[in-house]
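*Asks:* First the structure, then my questions, so here it is.
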Amino acid sequence: MKCIFSVDVEDWFHILDISGAPDMSAWETLPSQVSRNFLTLLDLFEEKQVRVTCFFLGWVAERFPDLVRQAHRRGHEVASHGYGHRLVYDMTVAEFSRDIKRSKHVLEDIIGAPVLGYRAPGFSVTEKTPWFFEALIEAGYRYDSSVFPGAHGHGGVVAAEARPSLIAGKAGTLIEFPITTVSVFGRSICFFGGGYLRLFPYPLIRTMARRVLRDGRPVVFYLHPREIDPGHPRLPMGPVRRYKSYVNLAGVEVKVRRILDEFEFATFADLLKDHHLFGETV
1 MKCIFSVDVE DWFHILDISG APDMSAWETL PSQVSRNFLT LLDLFEEKQV RVTCFFLGWV
61 AERFPDLVRQ AHRRGHEVAS HGYGHRLVYD MTVAEFSRDI KRSKHVLEDI IGAPVLGYRA
121 PGFSVTEKTP WFFEALIEAG YRYDSSVFPG AHGHGGVVAA EARPSLIAGK AGTLIEFPIT
181 TVSVFGRSIC FFGGGYLRLF PYPLIRTMAR RVLRDGRPVV FYLHPREIDP GHPRLPMGPV
241 RRYKSYVNLA GVEVKVRRIL DEFEFATFAD LLKDHHLFGE TV
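With our numbering, letter number 44 in the sequence shown gets 44, and the count goes up by one each step, no holes.
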C-alpha cells in the first residue's frame, strides 16, 4: 500500500473561521507568498522524485496560472480546492455547485486536461451537508478527499468510513478518500497534516503511518505552502488558534523530507485505478 502526499494550494491569508481573516474582497490587496512557497515545494518533490496531488484554490489558479502549469508539467496531479475557500456547510447547494464547477473549469482551462478530484476547505463536510457527494458527481468529479471520519474543528463525520469507499449517487459514483486518522483512546486523530504534523515528533508520525499501512489503508499526508515558510505573515487570532496555526513551522521541511524519503507515494488519480482498494471496478 502506498501513501499519498497532497498540497492544498492557497495563500497565507486563507485561514478559516477566525475574526481576523480578511474578506475575499481584500485578498487582492495582500502581499502573496504562494508562488515562492509552492515552487519551493515543487523543487523538493522533484529532488525526492515524488509525484503529489495539488488541490488548487480556483482564486489562486486564476491569478497564478503558471503555478498550475508547472505542477502539471512536472508530473503532479492537479485537483480542485474549490474557488472561494468557503466552508461547505456555510453554502447552499446552489452556491456549492457554482463554486466547485467554477474551480474545475478554471483548472481544466489552464492544463487542458480533466480535473478528477476535490477537497473541501477545512474538511467541512458534515451530516448537515447530505447533498455534498451528489453535487460533486453532477459536476463531474471522480473522487473526493474531504471527509474527516471523527469529530473535527470544522465538523467531521463521526460515522464515516475510515478507508476509501465507493459512494453511489443518482448521477453516478464517486470514490471518497477520507482524511487518514488513527484511533487513540477512542478519539480519531490525524497525525499526517496540519497542526498535529507540526506538533508531534517525527518518530510518532512514522509509527502511526506504518500502523495505517498495515491496516491496508493509504496514508494521506497534507500540507499548505505557507507551512514551509516560518517567516510568512501572521493573521490576528486568539492564543489557542494562533498556536494551532503556527506551532513548529521551522521544523516542517525536515519532517517533509523524512516522509518523502521513508515512504512510497502515488497520487489520488493513480489509486483510482487500483480496483482492489475499493473491492470492485470503478
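Glycine is no exception: its CB is placed at the ideal position from the N, C-alpha and C atoms.
Between the segment 193-204 and the segment 15-35, do three or more beta carbon pairs fall short of 8 Å?
*Replies:* Short answer: they don't touch.
*Asks:* Verify whether the separation of the beta carbon atoms of residue 61 and residue 106 is less than 7 Å.
*Replies:* In the sequence shown, residue 61 corresponds to position 61, counting from 1. In the sequence shown, residue 106 corresponds to position 106, counting from 1. Yes, they are a contact pair.
*Asks:* Out of 152, 45, 123, 18, which has the shortest C-alpha to C-alpha gap to residue 73?
*Replies:* Taking the sequence shown and counting its residues from 1, the one referred to as residue 73 is at position 73. Comparing Cα positions, the closest option is 45.
*Asks:* Under 6 Å: does the beta carbon of residue 44 sit that close to some heavy atom of the ligand GDP?
*Replies:* Although the ligand GDP was asked about, the structure shown includes no ligands whatsoever.
*Asks:* Threshold first: 3 residues or longer. Then list the beta strand (DSSP E) segments lying entirely within the segment 154-189, N to C.
*Replies:* 165-169, 172-176, 182-184, 187-189, all fully within the segment 154-189.
*Asks:* In the DSSP assignment, what are the bridge partners of residue 144?
*Replies:* To locate residue 144, count along the sequence shown from 1; it is residue 144. Beta-bridge pairing links residue 144 to 118, 176.
*Asks:* Any chance you could list the beta strand (DSSP E) runs of at least 3 consecutive residues sitting entirely within the segment 66-145, in chain order?
*Replies:* DSSP runs (the beta strand (DSSP E)) wholly in the segment 66-145: 77-80.
*Asks:* Under 7 Å, do residue 122 and residue 16 count as touching if we go by C-beta distance?
*Replies:* Translated into positions along the sequence shown, residue 122 becomes position 122. Translated into positions along the sequence shown, residue 16 becomes position 16. Result yes, Cβ atoms of residue 122 and residue 16 sit closer than 7 Å.
*Asks:* Alpha carbons only, please: which of 150, 174, 167 is nearest the one belonging to residue 182?
*Replies:* As a working note, residue 182 is residue 182 in the sequence shown. Taking only the C-alpha atoms, the option nearest residue 182 is 150.
*Asks:* Keeping to the same chain, check which residues put their C-beta closer than 7 Å to that of residue 158; ignore five residues upstream and five downstream.
*Replies:* The sequence position of residue 158 within the sequence shown is 158, counting from 1. Same-chain partners within the cutoff: 150, 151.
*Asks:* Please report how far the alpha carbon of residue 195 lies from the alpha carbon of residue 245, in whole angstroms.
*Replies:* Position 195 of the sequence shown holds residue 195. Position 245 of the sequence shown holds residue 245. In a straight line, the C-alpha of residue 195 is about 6 Å away from that of residue 245.
*Asks:* Can you round the beta-carbon distance between residue 40 and residue 4 to whole angstroms, since I take them to be within the 8 Å contact cut?
*Replies:* Translated into positions along the sequence shown, residue 40 becomes position 40. Translated into positions along the sequence shown, residue 4 becomes position 4. At roughly 20 Å, the Cβ-Cβ gap does not stay under 8 Å, so residue 40 and residue 4 are not in contact.
*Asks:* With a cut-off of 8 Å on the beta carbons, I'd call residue 179 and residue 220 a contact; round off their distance for me.
*Replies:* Counting from 1 along the sequence shown, the entry for residue 179 is found at position 179. Counting from 1 along the sequence shown, the entry for residue 220 is found at position 220. Right, their Cβ atoms sit about 6 Å apart.
*Asks:* Can you give me the C-alpha to C-alpha distance between residue 92 and residue 102, rounded to a whole angstrom?
*Replies:* By 1-based counting over the sequence shown, the position of residue 92 is 92. By 1-based counting over the sequence shown, the position of residue 102 is 102. Those two C-alpha atoms are separated by around 15 Å.
*Asks:* Between residue 272 and the rest of its own chain, which residues show a CB-CB distance below 8 Å, the 5 nearest in sequence each way excluded?
*Replies:* For this step, residue 272 is matched to residue 272 along the sequence shown. Only 116, 142, 143, 175, 282 meet the Cβ criterion.
*Asks:* Beta carbon of residue 154, beta carbon of residue 124: below 7 Å?
*Replies:* On the sequence shown, residue 154 is found 154 positions in, with the first residue counted as 1. On the sequence shown, residue 124 is found 124 positions in, with the first residue counted as 1. Yes. Within cutoff.
*Asks:* Taking its Cβ as the centre, do 16 or more other Cβ atoms sit within 10 Å of residue 19, making it buried, or is it exposed?
*Replies:* Here the question's residue 19 lines up with position 19 in the sequence shown. The residue in question, residue 19, is exposed, as its Cβ has fewer than 16 Cβ neighbours within 10 Å.
*Asks:* Which one of 108, 173, 255, 217 has the shortest CA to CA distance from residue 65?
*Replies:* The residue you call residue 65 lines up with position 65 of the sequence shown. Selected option, being the one with the closest Cα: 108.
*Asks:* Between the C-alpha atoms of residue 311 and residue 216, what's the straight-line distance to the nearest angstrom?
*Replies:* Beyond the ends of the chain as shown, which are 1 and 282, falls residue 311; an answer cannot be given.
*Asks:* Under 7 Å between the Cβ atoms of residue 251 and residue 222?
*Replies:* On the sequence shown, residue 251 is found 251 positions in, with the first residue counted as 1. On the sequence shown, residue 222 is found 222 positions in, with the first residue counted as 1. It is not a contact, given that the beta carbons lie outside the stated cut-off.
*Asks:* Alpha carbon to alpha carbon, how far is residue 207 from residue 264? Give it in angstroms, no decimals.
*Replies:* By 1-based counting over the sequence shown, the position of residue 264 is 264. By 1-based counting over the sequence shown, the position of residue 207 is 207. Going from the Cα of residue 264 to the Cα of residue 207 covers about 15 Å.
*Asks:* If I measure Cβ to Cβ from residue 38 and keep anything under 7 Å in the same chain, skipping five residues before and after, which residues do I get?
*Replies:* The sequence position of residue 38 within the sequence shown is 38, counting from 1. 9, 67, 225, listed in sequence order.
*Asks:* What number of angstroms, rounded off, separates the C-alpha of residue 259 from the C-alpha of residue 204?
*Replies:* On the sequence shown, position 259 is the one that residue 259 refers to. On the sequence shown, position 204 is the one that residue 204 refers to. Those two C-alpha atoms are separated by around 12 Å.
*Asks:* Below 8 Å on the Cβ atoms is my contact criterion, and I expect residue 118 with residue 137 to pass it. Report the Cβ-Cβ distance as a whole number of Å.
*Replies:* Within the sequence shown, numbered from 1, the residue matching residue 118 stands at position 118. Within the sequence shown, numbered from 1, the residue matching residue 137 stands at position 137. Incorrect: roughly 11 Å between the Cβ atoms, too far for contact.
*Asks:* Quick one: what's got a C-beta closer than 7 Å to residue 120's C-beta in the same chain, skipping five residues either side?
*Replies:* In the sequence shown, the residue the question calls residue 120 occupies position 120. So the list reads 82, 88, 146, once near-sequence residues are dropped.
*Asks:* From residue 172 to residue 239, what distance separates their C-alpha atoms?
*Replies:* The count along the sequence shown starts at 1 and reaches residue 172 at position 172. The count along the sequence shown starts at 1 and reaches residue 239 at position 239. In a straight line, the C-alpha of residue 172 is about 45 Å away from that of residue 239.
*Asks:* Taking the alpha carbon of residue 13 as the reference point, which residue from 253, 2, 48, 59 has its own alpha carbon closest?
*Replies:* Translated into positions along the sequence shown, residue 13 becomes position 13. Closest by alpha carbon: 59.
*Asks:* Roughly how many angstroms lie between the CA atoms of residue 148 and residue 190, to the nearest whole one?
*Replies:* As a position in the sequence shown, residue 148 is number 148, starting the count at 1. As a position in the sequence shown, residue 190 is number 190, starting the count at 1. Each residue's alpha carbon lies about 9 Å from the other.
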